[in-house]
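In our numbering, the protein residues as written are 1121 to 1434.
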């Protein structure tokens, strides 16, 4: 902590904010790498661990929305309308926030439909362009080494092959994950930029809170992308790509203050709700054994608990 302070204190406030954001973006990568080495390199453990990590991701997303973002938005709205009528009232700011959350839910639904439709059309046009090839040869030709290895592992474990429809759904989930993570990182960057503009101490406290909030979130994203059959290098590349959102958010927050922070948070919350409930929870329906289901629910609860604790100390 002292080393971090000494490194960034001489910088201007926007430089402090950017350095803090870079720090937050890099640290979770070590946790992701450790997970890959300890658990996911062993095929016998992979499916079980991924299922538990996805449950943890669901808890993290829901906890982020209900314990962190929505209370923050509610507090901001109550401060903005402290002179509103007593009793039950529908103040415009709260209604606007709820409308933006709904817009986030609908937008992520449309993104999923558009991406699924595009991928389906791509598959059909690809099939029509290669009708002279045998189906098995055609399928194998365009698969990556990771996909072929996964198929071999699944066959060895007696698991069913993944259907083309499920493959398309997986790809759309991956794109939704990246969009949601980019927007989430953008709002984190906004918060850090605004905090350092306010004062240095507030910026450091916000950075530490964001770091402990971000680690379980990034671990959850890693689990989702690994389940969607992306390899370690691709996942780390995606993490760095979405970290650009945090850097952009930091610059915007440093120079524009709190102008659109609440709106971005509300929209991202809607997207997280849609993805956690419609996307990830659907994967848990495939859990067969009672023991695995119990562990998945405990993992979900652990994700919720982490976000609850982090929200208490923010």
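Positions of the beta carbon are idealized from the N, C-alpha and C atoms, including for glycine. Just so you know, these numbers come straight off a predicted model, no measurement behind them.
Query	Result
In this structure, does DSSP put residue 1289 in helix, strand or coil?	helix
Closest to residue 1324 by CA distance: which of 1395, 1136, 1132 is it?	1136
Mind listing, in chain order, the continuous alpha helix (DSSP H) runs of no fewer than 4 residues lying wholly within the region 1354-1407?	1381-1394, 1401-1404
Closest to residue 1211 by CA distance: which of 1414, 1370, 1194 is it?	1194
Apply the 10 Å Cβ neighbour rule to residue 1321 and answer buried if 16 or more other Cβ atoms are within range, or exposed otherwise.	exposed
Which same chain residues, not among the five before or five after residue 1424, have their C-beta less than 6 Å away from its C-beta?	1179, 1183
Taking one C-beta from the region 1330-1350 and one from the region 1289-1298 each time, how about it: are there three or more such pairs within less than 8 Å?	yes
For residue 1425, name the three-state secondary structure that DSSP assigns.	helix
Mapping DSSP to helix, strand and coil, what is residue 1172?	helix
Would you call the region 1303-1318 and the region 1382-1391 touching, i.e. three or more CB-CB distances under 8 Å?	yes
Enumerate in chain order the residues of its own chain whose CB-to-CB distance from residue 1310 is below 7 Å, with the five nearest sequence positions on each side excluded.	1369, 1372, 1373, 1381, 1384
Over what stretch of residues does the alpha helix (DSSP H) that includes residue 1321 continue unbroken?	1320-1347
Report yes or no: do the region 1331-1342 and the region 1146-1161 share at least 3 C-beta pairs separated by less than 8 Å?	yes
Here's a check: name, in chain order, each residue in its chain whose Cβ is nearer than 6 Å to the Cβ of residue 1397, leaving out the five neighbours to either side.	none
How far does the alpha helix (DSSP H) with residue 1140 in it reach, from first residue to last?	1133-1155
Using a Cβ-Cβ cutoff of less than 7 Å, which residues in the same chain neighbour residue 1232 once the five nearest sequence positions on both sides are dropped?	1292, 1296
Alpha carbon to alpha carbon, how far is residue 1331 from residue 1236?	33 Å
If we count the other Cβ atoms within 10 Å of its Cβ and call it buried at 16 or more, is residue 1158 buried or exposed?	exposed
Below 8 Å on the Cβ atoms is my guess for residue 1217 versus residue 1366; work out the distance and round it to an integer in Å.	That belief does not hold up - the Cβ atoms of residue 1217 and residue 1366 are roughly 23 Å apart, past 8 Å.
Given a cut-off of 9 Å on the beta-carbon distance, is the pair residue 1417 and residue 1175 in contact?	yes
Take residue 1356 as the anchor and find which of 1328, 1399, 1392, 1147 has the nearest alpha-carbon.	1147
Can you give the Cα-Cα distance for residue 1213 and residue 1196, rounded to whole angstroms?	9 Å
Can the beta-carbon of residue 1430 be found less than 9 Å from the beta-carbon of residue 1229?	no
For residue 1395, which of 1422, 1226, 1319 has the nearest alpha-carbon?	1226
What's the call for residue 1427, buried or exposed, on a 16-neighbour Cβ count within 10 Å?	buried
Let me know the secondary structure DSSP gives residue 1351 once reduced to three states.	coil
To the nearest whole angstrom, what separates the beta carbons of residue 1409 and residue 1172, a pair I think is in contact under 8 Å?	Not really, about 13 Å apart at Cβ, beyond 8 Å.
Closer than 8 Å by C-beta to residue 1307: which residues in its own chain qualify, once you throw out the five before and the five after it? Chain order, please.	1369, 1381, 1384, 1385, 1388
Quick one: is residue 1343 buried, meaning 16 or more other Cβ sit within 10 Å of its Cβ, or exposed?	buried
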